Each structure stands twice: as C-alpha cells, then as structure tokens.
Amino acid sequence: DCRIIVPDLRGFGVSTRGAKPLSMRTHADDLAALLDTLAVSTPVTFCGLSMGGYIGWQFLAHHYARVRNIILCDTRAANDDEVTARARQLMANKVLTDGSQLAADGMIPKLFADATYTEQPDVVESTREVILNTQPSVISETQIELSQRIDARSLLTDFDLPALLICGEQDQISRASEMKDIATSLPKGEFQEVPGAGHMAPLEDPDTVNEMIREFVQSS
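Going by my numbering, 16 is the number at position 16 of the sequence shown; the sequence numbering is gapless.
Next comes the structure, spelled out in structure tokens:
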C-alpha cells in the first residue's frame, strides 16, 4: 500500500554513533537528512513508537512541512517528572558499569501486557535481544537525553494535521487516558485503543495496529 522507510536510529541497530548528541532533535534531523538522501520530497506519514513519539514532536517542530500526517503509538507529550528523570539518570550511570543486561532487566517487565509474557514469549525475548545488543554507552546517553527532553504539550495546538494516537489498553508507561488527552489537544487528533496490549502494542497485536494505521493513512 505504501513505501515504508524503517531506519535504525543513530547508535542503534547497525547505524553508527557519529559525533552528535543522541538527542531527540538530533534523531529528528537525521530523519530529515535521510529523506533528502532518498530523494523523498513529498510530505510523509511519520510513525513513531514510544521514544519515536518524542522524536516525532521534534520532527513536527522543526520539519513540519515534510509531514502529511502523523501516527504516534504508546508515547507521551509531557516531559519526565522529577522522580522519573532521576530514575533515568540512575540507570544511565549504572548501565555503564553493569552493562546492557541491567537495562533489559529493568525495562522488559514494564513493556508488555501481562498475557504477552506467557502467550508471546518470542516477542518478549526478541525485544530483550534488541536491548542487549545496544551499546551500554548508547543506552546511557539516551536515558540522559530522555530525562531532559522537552515538554511538547504547549506545541500540540500548532500541529494542524491529521494525527492518530494508538495506545495499548494495559500500557503502564504511556497510559491511555494521557494519550486521549493528547488526541483531544491536537486540532485533528483521533485516539484508538488496542485491547489487551501494553506499551509495545504494535508488537503485541500487529494485525490490529496495522489495520488502524492502514485505515488512517487511506482516509487522511
């Protein structure tokens, strides 16, 4: 139905780290540069999950003309509160000495709905492997950057384009009630909930999420 571009972010997967900071702004600028490299000049559908949503706000703020519509899954517009920011900074310090296993052990129990751990262990383990295969220094710097990210709530009314907010019913990180509020604040926002899914809804129930995305892209 669509051409899909799925890059590894700077420092993740097989993409090199480079010299720039691993901020949400850097990632957003990298994506704009990638579109230039691929000669994509028409506005695109931006789709981001979790941290990808934080990058999405920066992409909209600094590359608005390149976006046709936006899909954000299991993410937030608010920045971290003091407790969450402190926890991220603690992990950032400890992962440098204890390794990526520390991050995997800390993150995996929060990412999925209860049933996913027993009914889809392959999804859980593949996500764990992604974390384990990420350099501790990248995890550490990313945690610091996440703790210092902007509060995008004041920007929402400026983003006057079709926006789909998708959230797992059992997401304990980006709660459905919060994502409903984001959708309400966006001029053309709509909200969809994925029953029985957690923070990783696109991995836990890809058929449902893909159908939501397909319908949204076709209608907007």
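The beta-carbon is built from N, C-alpha and C at its ideal position, and this holds for glycine as well. Treat the numbers as computed from the prediction; the structure is a model and nothing was measured.
| Check | Outcome |
| --- | --- |
| I'd like to check one pair, G56 with F46: are the Cβ atoms closer than 7 Å? | yes |
| Quick check on the DSSP output: the beta strand (DSSP E) that includes F159 runs from which residue to which? | Segment: none, F159 is in no beta strand (DSSP E) and carries neither H nor E. |
| Determine the DSSP secondary structure at T184, reduced to helix, strand or coil. | helix |
| Once the 5 residues before and after D151 are set aside, which same chain residues still bring their CB inside 8 Å of it? | A77, A78 and N79 |
| In three-state terms, what does DSSP make of N79? | coil |
| With 16 other CB atoms within 10 Å as the buried threshold, where does P109 fall? | exposed |
| Between the Cα of S147 and those of R153, L90 and I131, spot the shortest distance and give me the residue it belongs to. | L90 |
| According to DSSP, is Q143 part of a helix, a strand, or is it coil? | helix |
| What residues in its chain sit with their C-beta under 6 Å from that of R10, if we drop five residues either side in the sequence? | G18 and D30 |
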